[in-house]
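Quick notes on the structure that follows.
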Amino acid sequence: MSELEIFKALSNQTRLQILYWLKEPDKHFPPQEHSFTEVGICVGQIQQKCGLTQSTVSEYLALLLRAGLLQATRMGQWTYYKRNEEAFEALGHFVQSTL
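Mapping the sequence shown onto the UniProt record's numbering, position 34 (from 1) lands on 34, and the numbers just tick up by one.
The structure is reproduced here in structure tokens:
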């Protein structure tokens with residue numbers, strides 16, 4: 001885990017909002033064909049909720065993925081994203097023990 005990459009990823013309101021939505025996807029997204037807990041949320045639903053262009057949302061998701069805060073699952077032509085809860089736990093430990 002690169003703490004600097006994580007803090008860079010967290011330094012944007014929309015990226016924080018995406019992480020907030022993905023924490024409880026059943027509250028923030030309509031039902032979908034695949035289970036939220038198994039595969040995550042379809043990128044199209046995230047983009048629609050953000051109200052931003054597809055390229056901007058893809059860039060934000062890629063940054064969160066590189067930082068290790070998200071996990072991606074590809075199914076056919078769609079990519080599904082969910083939070084990497086282990087990364088959030090490690091970040092919490094880092095903050096408590098180091099900062």
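Using N, Cα and C, we set each Cβ at its ideal position, and we do this for glycine too.
Alpha-carbon to alpha-carbon, residue j and residue i
i	j	result
residue 90	residue 4	14 Å
residue 96	residue 83	21 Å
Limits of the unbroken alpha helix (DSSP H) element including residue i
i	result
residue 63	54 to 66
Distance CB(residue i)-CB(residue j) smaller than 8 Å
i	j	result
residue 18	residue 64	yes
residue 60	residue 15	yes
residue 71	residue 57	no
residue 54	residue 42	no
residue 73	residue 40	yes
Closer than 7 Å: residue i CB and nearest the ligand ATP heavy atom
i	result
residue 38	Absence of the ligand ATP from the depicted structure is noted, as is the absence of any ligand whatsoever, leaving it without description.
- Item | Length-filtered (3 minimum) beta strand (DSSP E) runs lying within the UniProt domain "HTH arsR-type" (1 to 99) | DSSP runs (the beta strand (DSSP E)) wholly in the UniProt domain "HTH arsR-type" (1 to 99): 70 to 75, 78 to 83.
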